[in-house]
Amino acid sequence: MDVNIRSPIRGSRGSRGLALSTGVLGVFFLVVGCQGEHPQSMLHPAGEAAARIAWLWWVLFGICSAVFIIVMALTGIALVRPRSEQPTAPLGNRFITVSGIFIPAVILVFLLVASVSVQVSLQSPQTNSSVRVIGHQYWWEVHYPEWGIVTANEMIIPVGEAVRLELTSADVIHSFWVPNLHGKMDMLPERTNMFWISADRPGVFRGQCAEYCGKQHAKMAFEVVALPPEEYQAWVKRNAEQSRQPAQDEHPQGRSVFDTACRQCHAVGTATSESKPLGPDLTLIGSRRTLGAATIPNNRENLEAWIRDPQQFKPGNKMPHTNLAPDDLRALLDYLQSLK
Ligand code: CUA
940 MDVNIRSPIR GSRGSRGLAL STGVLGVFFL VVGCQGEHPQ SMLHPAGEAA ARIAWLWWVL
1000 FGICSAVFII VMALTGIALV RPRSEQPTAP LGNRFITVSG IFIPAVILVF LLVASVSVQV
1060 SLQSPQTNSS VRVIGHQYWW EVHYPEWGIV TANEMIIPVG EAVRLELTSA DVIHSFWVPN
1120 LHGKMDMLPE RTNMFWISAD RPGVFRGQCA EYCGKQHAKM AFEVVALPPE EYQAWVKRNA
1180 EQSRQPAQDE HPQGRSVFDT ACRQCHAVGT ATSESKPLGP DLTLIGSRRT LGAATIPNNR
1240 ENLEAWIRDP QQFKPGNKMP HTNLAPDDLR ALLDYLQSLK
């Protein structure tokens, strides 16, 4: 029995409208998505490793899009062609062998070779720079063992030089990810994973924890600031001194408030790789761009609001409310802002 089912696709105004609006929306998002700066985008690589990963992404995207378009076009043709025009054995068995087995096998082997060769090329290059990063709920502890610098939620790196990273965690599993500079790497408790990043131009690149680690996982971010080599050396010199001997004599009242109210959890100039701080090191707090692990910009107003009630910005973080007298709070703010 020959049942001639008319295709619901042919001539359907609704489906043409749907296809058109999907296309327009697609172009809109493509255009909007390509505007502005891209501090957190693997499609805008700023480093060697990220560039290779982006290349692989475009290869996969191109090939998969081509396959999708061809398969959809053939499906469309099969659906709209009147039954009477269809030959009894359409294109024969060879079509099925070639397009169903041979071509997919060639594509899959090519993609496998491309993925594996990119993976192999991501091995860490030789480098002298090394940074240790420890994940915490919900912030990042950053050590420069060579210089004795400790900071948090911000990493300064030199442009044009690979930086080796030692990644670990103080509590649960986190994942280190700066999309513009490299892929992801897990940070596991009691284990150190070696990783690396490099930046080929100066800039600020945003990192984000990429492994669900608790209530404020989404606000566990940080920034990598890539500086030209001379500026980086100046930063190292200045901050190595600051870490050894923080400027504190100008604000004795603020420092004493800090010692009473903050020092149980935060260090200034005394942290080592062995210490286990509860909260971010504040040695360089005055020079950091953000507060609360890239949650809010670092300025006096936000710092004050954060100290009063950190939970309003990041509910579930481990810092409690503080109830300081206005005078003490002012002195503390002066002291903290001077730490740079
Ligand atoms: Cu740390 Cu998600």
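Take the sequence shown: its letters are residues 940 to 1279, numbered as in the working numbering. We treat Cβ as the ideally placed atom computed from N, Cα and C, and that holds for glycine.
- Close CB contacts of N1032 within its chain, under the 8 Å cut and outside five residues either way in sequence, are absent.
- Less than 9 Å divides the Cβ of L1104 from the Cβ of R1071.
- According to the DSSP assignment, T1199 belongs to the alpha helix (DSSP H) that extends over P1191 to A1200.
- Taking the Cα of V1163 as reference, the smallest distance to any Cα among A1173, V1102, H1156 and A1244 is reached at V1102.
- Between the C-alpha atoms of V1081 and L1230 there is a straight-line separation of about 15 Å.
- Per DSSP, the unbroken beta strand (DSSP E) holding G1142 starts and ends at G1142 to Q1147.
- The alpha-carbon of S1226 is positioned some 18 Å away from that of P1167.
- Not a single heavy atom of the ligand CUA lies less than 8 Å from the C-beta of M1011.
- In this structure, the ligand CUA has no non-hydrogen atom nearer than 8 Å to the beta-carbon of V1052.
- Around the Cβ of T961, a 10 Å sphere holds fewer than 16 other Cβ atoms; the residue is exposed.
- Along the length of the segment 1036–1091, whole beta strand (DSSP E) runs at least 3 residues long occupy 1068–1075, 1078–1083 and 1088–1091, reported in chain order.
- For E1180, the enclosing alpha helix (DSSP H) has its first and last residue at P1168 to R1183.
- DSSP, read as helix, strand or coil, puts T1234 in coil.
- For V1081, the shortest C-beta to heavy atom distance toward the ligand CUA is 8 Å or greater.
- Beta-bridge partners of K1123 (DSSP): W1116.
- Note that the C-beta distance between A1109 and H1075 is below 9 Å.
- By the criterion of at least three beta-carbon pairs nearer than 8 Å, the segment 1178–1194 is not in contact with the segment 1120–1127.
- Here the segment 1176–1186 does not lie against the segment 1242–1255, with fewer than 3 beta-carbon pairs under 8 Å apart.
- Taking all protein chains in view, the Cβ of F1034 is surrounded by fewer than 16 other Cβ atoms within 10 Å, so the residue is classified as exposed.
- Annotation for S1060: R991 place their beta carbon closer than 6 Å to its own, counting only its chain and skipping 5 residues before and after.
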